[in-house]
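Chains as they are written, first to last, in the numbering used here: chain A, 59 to 297; chain B, 769 to 1098; chain C, 2 to 379.
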Amino acid sequence: MIELSQVVKTYQAGLATPFTAVDRVTLSIPAARLTVFKGPSGSGKTTLLTLIGCMARPTSGRIHLHGLAGDALPHLAPAEALEITSLPERFLTAIRRRTFGFIFQQFNLVRGISVLENVLLPTYPTGEDPRAVEARAVARLESLGLARHLRSSVDRLSGGEAQRVAIARALINDPAVIIADEPTAHLDSRLSEEFMDLMSQFKDAGKTLLITSHDPIVYDSDLADMVVEMRDGRVVSET
Amino acid sequence: MIQHPGILALLVASGIVSLLLAAAGWQGFRILRGWDLRSGSEVQLDLERRTYLVSTLVANALLIQILSLFLFIFTAEGLHNQFVGAMCAAGSLAVNAYGYPTLLMKVATCLLAGVWLVLHRADTQGYDYPLIRPKYLLLLILVPLVLTETWLQLSYLTGLKADVMTSCCGSLFGQGRQGFAAELAGLPPRLMQPVFWGTFAALLGAGFLLLRFRRGGGLFSALSLTFLLVAVTALISFFCLYIYELPTHHCPFCLLQREYGFVGYPLYATLLGGAIAGLGVGALAFFRDRESLTAVLPTLQAHLAWTTLLLAVIFTLIVGVWMALSPLRL
Amino acid sequence: MRPSLQRYRNILDFALSSLLRRKGRNLALISVYTLVVFVIASLVFFVQALKREAHELLAQAPDMVVQRMVAGRHDPVPLAQVEAIRSIRGVDEVQARLWGYYYDPVFGGNLTVLATEDAALAPDAIWIGQGVARSMRVKEGDLIPLRGYDGQSTLFSIQKVLPESSELVSSDLVLMAPKDVRALFHFPEGLATDLAIQAGNPRELPTIAAKIVELFPDSRPILKSEILRTYEAVFDWRGGLMVVVLGSAVLSFIIFAWDKATGLSAEERKEIGVLKSLGWESSDVLLLKFWEGTVISVTAFLTGVLLAYAHVFFFSASLFEHALKGWSVLFPRFRLIPALDGYQLTVLFFLTVLPYTAATLVPSWRAATVDPDAAMRS
Ligand SMILES: Nc1ncnc2c1ncn2[C@@H]1O[C@H](COP(=O)(O)OP(=O)(O)OP(=O)(O)O)[C@@H](O)[C@H]1O
Ligand SMILES: [Mg+2]
């Protein structure tokens, strides 16, 4: 479970034009469920996900991860709740690495290198045994139907393929939580349906899924266990 | 004389080190003043980012400083035939009053910067920046020292005038003369031998205590510094005699020459590295009971202690083998 | 492999592939860097080689030279002093030397004219150095006119061109019989230019020098070791001057490097944002930047040093002979003896790699602290 209490993110705080993108959000996100965030553009969905995903630190408020972070800190038992808002970047990164997998709207593949290398990128700093991670990456890419493209450069992939590469990359460190920001924005409805099928597989595998979307295919889907609606940085409804 | 390429290189290096550390010091000062871990404000986030800058600057400065310590000695070595009476670095350094102080300051700043990096390493392993204050206070001490060293070196190098009459190592480190160096050389091997071996044994003992029972970090640290001093004294007093195969040549610098297989470099490098690691153990011992460090400090201290012990053993092995193989018998 | 080591390797691999992906930009940087290393390295090698050459020359020079000073100026020495000095204890041999400089108006250079007692020298003939032969375009058997003190030209036949071996100083040399030297310069009989002294034990030289001054207060003894020191100082000075001039070149290079490194392209900035969002930490990116810098530095340093080595030792430093060997227009075209030592390489490293590295620290840090959430918005 992920628990947020009174989380605020203010950009340019203390300057002439402070802007509060996320405003006193208190929320409980259940584990192993799919939670969808919707709301108009600029309502703070992406910002909220970066806070949960340990990419940015909130200006104030607390975020607790319950039983998700593994043994990210040497002195904590894995099951304990971990308060992440005041951790140094090193620890946030360590947690992010093992706990969260990100799928971006723009896919964010690194151009000029192969599909396989892209998928391996998150494993470089961990220094794991390269043969083991490569086997894992190849298996994952094969299961996503990308076996033929292992060595091709990402520049020439189709939109759907690029996204599946991004998904394989998000899963390479076997994270407990998958965060997807507008995953279907660049996909046609058939591909969007396929994406949701994949998500349902992950949900069945026990992953916690957090997805922002404007797309009814996503937020009206039966898979969505909870829909959080946001406006001007605040949560207006949870269903 | 300032246009000698080696001197130029030294000046460039010390300029860079001063610049890097002055910048690091300034950032450290800002960090000390504005630090507030509880706040998630952008100011604090920015300061946390700056800790990366400071550690990068100090790490590079230390590396350059260590390299330039050796280049300094090597350059002094190479310049000796420009001064009447100088036979090696010992004479070149004595050309004016700044030579030896520069050397000592270089060693001191290397030790301190090394300890700083050890503290930094520990700090990054705690989840609440446990050492931020001691670390940056130490940095604020380090900066003026480095600037002083730069100034001393500049005074020394610009003060070099060819043809100055100076002393050679024989007169500086000769027995029966006056001065501190001669006193060191005059220490009889019969006294220094047991002192050296005693210190070595004590260091091993303290290391055992620390590694086995996790106690006596301070003691170990003090002994590692003592070992550095005693080892240098022992080098001057008797080890070098075996290396030079001359019963009266007590020079700590000729060891660095080609004739003696550059044996001085590994000797001094092991001593310096061992002292840095050993001092690091002691510095960490002060912070044993910071909550966020209790889990990581013992491991770090153990690594450092192993490093010190290993380097001390290597040093002792080198001189020991040399003594055994040398035809000289005292 | 241990994970911490594997991490270094992985990031090094990625650094190499990043460098290759931005070939054009990095090649430009490496070329400029290589050029700077090349110029400075050529200079350091060249000065060092000259020094060594001078050492070798001086090894054959007399232990001590005695000159006479009149009114603070160098004046001929009476031959009568020779015997007096020879009787000083410790002196092995005293030789009166007769030499001078001859200015040749045709090609505007100075020749060193030295008297030799060598029996192999034919009457009215001379031996000349390689440089003289080159600049006067003469060869063995030719006749050349030398203008005497009174403006009258005398013809000399060239009996021999001196071999190439130690050319630096002897290339501007003209050897002739003592009587011809005296005639050419109107040098009075009974006087010599200076006295060359050999001592059995070099340690006694200072004592001998003191005795000579005692005997002849107007004489000035010059020890070989002093000449050696002066040579070294002169070479260092000339070399150093050039280094200072080149310092400005290095500086502009640093500015160039700084500019290259700070001007993170939008593409690169985005890439680092992606890496950070994927779980790379600032120190991982710093390591990446460190590896990139190391690869660039090592490549440029090695290439520059190798090119400089070839330039100095195989092409006789053709690019700046003129600036350095300024004492005569007779440039010897000799081959310097190749030699390389750790000290020179260290000095070069300090003069080139350290400034570059220092200049890239802050930009690397800037790159490393790109916000990871930047990848979420673009
Ligand atoms: N670094 C920043 N500095 C200032 N303002 C920012 C910054 N990042 C985001 N914002 C602002 O915060 C607000 C929320 O942005 P966010 O990206 O979270 O919205 P969103 O709900 O994801 O919108 P969309 O549906 O268009 O993706 C926006 O108004 C944006 O302009
Ligand atoms: Mg968004």
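Note that beta-carbon positions come from the ideal geometry of N, C-alpha and C, so glycine has one too.
Query	Result
Chain B contact for C:Phe208 (CB, 9 Å cutoff)	Rather than Phe, the amino acid found at residue 208 of chain C in this sequence is Thr. False, the Cβ-Cβ gap to chain B never drops below 9 Å.
Neighbour-count burial assignment, A:Gln70, 16 or more Cβ in a 10 Å radius	exposed
8 Å Cβ shell around B:Ile1044 - same chain, five flanking residues per side excluded	Cys878, Leu879, Gly882, Val883, Val886
Any C-beta of chain A under 9 Å from that of B:Ser809	yes
Cβ pair count under 8 Å reaching 3, the stretch 832-843 of chain B against the stretch 776-795 of chain B	yes
Environment of ligand 1 in chain order, Cβ to heavy atom below 5 Å	A:Tyr69, A:Phe77, A:Ala79, A:Ser99, A:Gly100, A:Ser101, A:Gly102, A:Lys103, A:Thr104, A:Thr105
Neighbour flag for B:Thr892 against chain A, beta carbons, 9 Å	yes
Nearest neighbour of B:Gly1041, chosen from B:Thr1076, B:Ala1053, B:Tyr1012 [CA to CA]	B:Thr1076
Interfacial residues, the stretch 288-303 of chain C to chain A, with Cβ spacing under 7 Å	none
Chain B within 9 Å of C:Trp281, Cβ atoms only	no
Partner residues on chain A for C:Phe315, Cβ-Cβ distance less than 8 Å	Going along chain A, no residue has its Cβ under 8 Å from C:Phe315, so there is no contact; the nearest lies around 40 Å.
Cβ neighbours of A:Arg155 in the same chain (closer than 8 Å, five flanking residues each side left out)	Pro180, Pro183, Thr184, Asn231
Paired residues, beta bridge with C:Ile223 - DSSP	C:Val66
Secondary structure of B:Pro962, DSSP reduced to three states	helix
The stretch 108-121 of chain A: positions lying closer than 7 Å to chain B by Cβ	Arg115, Pro116, Thr117, Ser118
Boundaries (first-last residue) of the alpha helix (DSSP H) holding C:Gly132	131-137
Candidates A:Ala220, A:Leu215, A:Ala114: closest to C:Gly280 by CA position	A:Ala114
Residue-level contact to chain C via CB, A:Phe160, 9 Å cutoff	yes
Residue closest to A:Glu192, alpha-carbon to alpha-carbon, out of A:Arg289, A:Glu175, A:Pro146, A:Val294	A:Glu175
Chain-ordered chain A contacts of B:Arg806 [CB-CB under 7 Å]	Ser144
Contact set for B:Asn828: own chain, Cβ-Cβ below 7 Å, skip 5 residues either direction	Leu788
Ligand 2 heavy atom lying under 8 Å from the CB of A:Thr242	no
Between the CA atoms of C:Leu206 and C:Pro63 - distance to the nearest angstrom	11 Å
Own chain partners of B:Asp896 with C-beta closer than 7 Å, once the 5 adjacent residues on each side are dropped	Leu805, Ser1060
Range covered by the alpha helix (DSSP H) that runs through C:Gly343	343-369
C:Glu268 and A:Arg169 closer than 9 Å at C-beta	yes
Reduced DSSP secondary structure (H/G/I, E/B, other) of C:Phe157	strand
Candidates C:Pro146, C:Ala42, C:Val114, C:Ile223: closest to C:Met70 by CA position	C:Ile223
Cβ-heavy atom distance, B:Gln1069 to ligand 2, below 8 Å	no
Any non-hydrogen atom of ligand 2 closer than 8 Å to A:Gln164 Cβ	no
Residues of the stretch 177-190 of chain A whose Cβ lies closer than 8 Å to any Cβ of chain C, in chain order	Leu179, Pro180, Thr181, Tyr182, Pro183, Thr184, Gly185, Glu186, Asp187, Pro188
Rounded C-alpha distance that separates B:Ile1086 from C:Phe350	29 Å
C-beta neighbour in chain C for A:Glu175, strict 9 Å	yes
Alpha-carbon to alpha-carbon, C:Phe314 and C:Trp100	32 Å
Beta-carbon proximity check, A:Leu229 vs A:Ile236, cutoff 9 Å	yes
heavy atom of ligand 2 below 8 Å from A:Met113 C-beta	no
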